[in-house]
Each structure stands twice: as structure tokens, then as C-alpha cells.
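Heads up, the thing below is written out as C-alpha cells.
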């Protein structure tokens, strides 16, 4: 939502600067959301939704359409992947912020969803992992996000070369 607002505000005010590092990081993290959500969903929807099934259009917007819009913006309109190191840094910073938010605020102050190890974390499957398992999951996810960043950067570079 923040990325959409920044893009809208910049364009409304006639500025060409569209916060490329934030937009590229947001695009990559959205790819991660799509990748992880649907991968777990097809194993068992309860891993990501628990006992709650979201309305179909909400599920598709949050986990497919919204991320696609940001990715299209980042690759085709904003050329957001031009500042690779800064973008990767923002990607890692946002990922670490999510871990701190989830482990430090969300989990301790919520009682549901309940898992076999803990409760209150954002996705039901996280509550079935001990702290070491969750840290391993978070680290693997951050590394995967950086790989996706490099893939997006390569695609953006290739598109620029094709356009001349």
C-alpha cells in the first residue's frame, strides 16, 4: 500500500522520482509473498489461512494481482532495479523489519493462531516451528528474496538491452 501511495503521489506532483529502491524491494518482497503463499496454499490452505478462508477476491488481490501491479511498475515503468545494491539493502532491511515486527510485536500480543510450539504469529505454520526453525525459515526466505532481486535485475537489464 505504501508503494502504491508513493508512486501515486510522485506522479500526481509531476515528479519523475518514484523511490526506485523502495519500489524494487517492494516488488521482490511481493514476489516472495506470491511464491511462499501459493506454495504453502497448494500443500494445505490451513498452513497460511488457518481456519479462516478469505473472500476469493481478497485472496487473489493480496496474493496475486497487487504484487503483479507492483512488479509491472518496477520492471516496465519505473526502471526501479537500476540501483541494485541499495535495492538489495532495502529488501534485507524490510525483511528484517518484518521478522522483528512478527516476533517482537505480533506474536507476543496475539493468542491466535495457535500452533504446536507457540501462538500469535502471522501465519499458522510459523506457530508450529521453534525459534531456531523460524530463524532458519526467515534466513532462507531473505536469501531467496535476494536471488529473486538478482533475477529481476537481470530481466530489467535484458529489457533495456533489447530496447536499445
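In this note's numbering, the protein residues as written are 70 to 233. C-beta: ideal position from N, C-alpha, C; glycine also. All values reported here derive from a predicted model rather than from experimental measurement.
Ends of the alpha helix (DSSP H) at residue i?
| i | result |
| --- | --- |
| residue 203 | 200–232 |
| residue 105 | 89–112 |
| residue 118 | 115–118 |
| residue 189 | It is not in any alpha helix (DSSP H) - residue 189 carries neither H nor E in the DSSP assignment. |
| residue 126 | 125–129 |
| residue 160 | 153–170 |
| residue 138 | 135–141 |
Tell me residue i's beta-bridge partners as DSSP assigns them.
| i | result |
| --- | --- |
| residue 175 | Looking at the DSSP assignment, residue 175 forms no beta bridge with any residue, so it has no partner. |
| residue 183 | 188 |
How close, in whole Å, do the beta carbons of residue i and residue j come, if the pair is a contact with beta carbons under 8 angstroms?
| i | j | result |
| --- | --- | --- |
| residue 96 | residue 134 | Rounded, the Cβ-Cβ distance is 14 angstroms, inconsistent with contact. |
| residue 136 | residue 103 | 5 angstroms |
| residue 171 | residue 101 | The pair is not a contact, with the Cβ atoms about 14 angstroms apart (cut-off 8 angstroms). |
| residue 91 | residue 169 | With 8 angstroms as the limit, residue 91 and residue 169 do not qualify as a contact, their Cβ atoms being about 18 angstroms apart. |
| residue 167 | residue 93 | Not quite, the Cβ-Cβ distance comes to about 17 angstroms (not below 8 angstroms), so this is no contact. |
Hey, would you say the C-beta of residue i is under 8 angstroms away from at least one heavy atom of the ligand NAP?
| i | result |
| --- | --- |
| residue 190 | Questions concerning the ligand NAP fall outside what the structure shown contains, since it holds no ligand whatsoever. |
Check: At a cut of 8 angstroms, does the segment 212–231 reach the segment 140–153 through at least three beta carbon pairs?
Finding: yes
Next item on the list: Would you check if the segment 193–206 and the segment 107–118 touch, i.e. whether three or more CB-CB distances between them fall below 8 angstroms?
Entry: yes
Notebook entry, point to check: Are the segment 126–135 and the segment 177–192 touching by the rule of at least three beta carbon pairs closer than 8 angstroms?
Noted result: no
Notebook entry, point to check: Would the segment 171–188 and the segment 146–160 be scored as touching if the rule is three or more Cβ pairs under 8 angstroms?
Noted result: no
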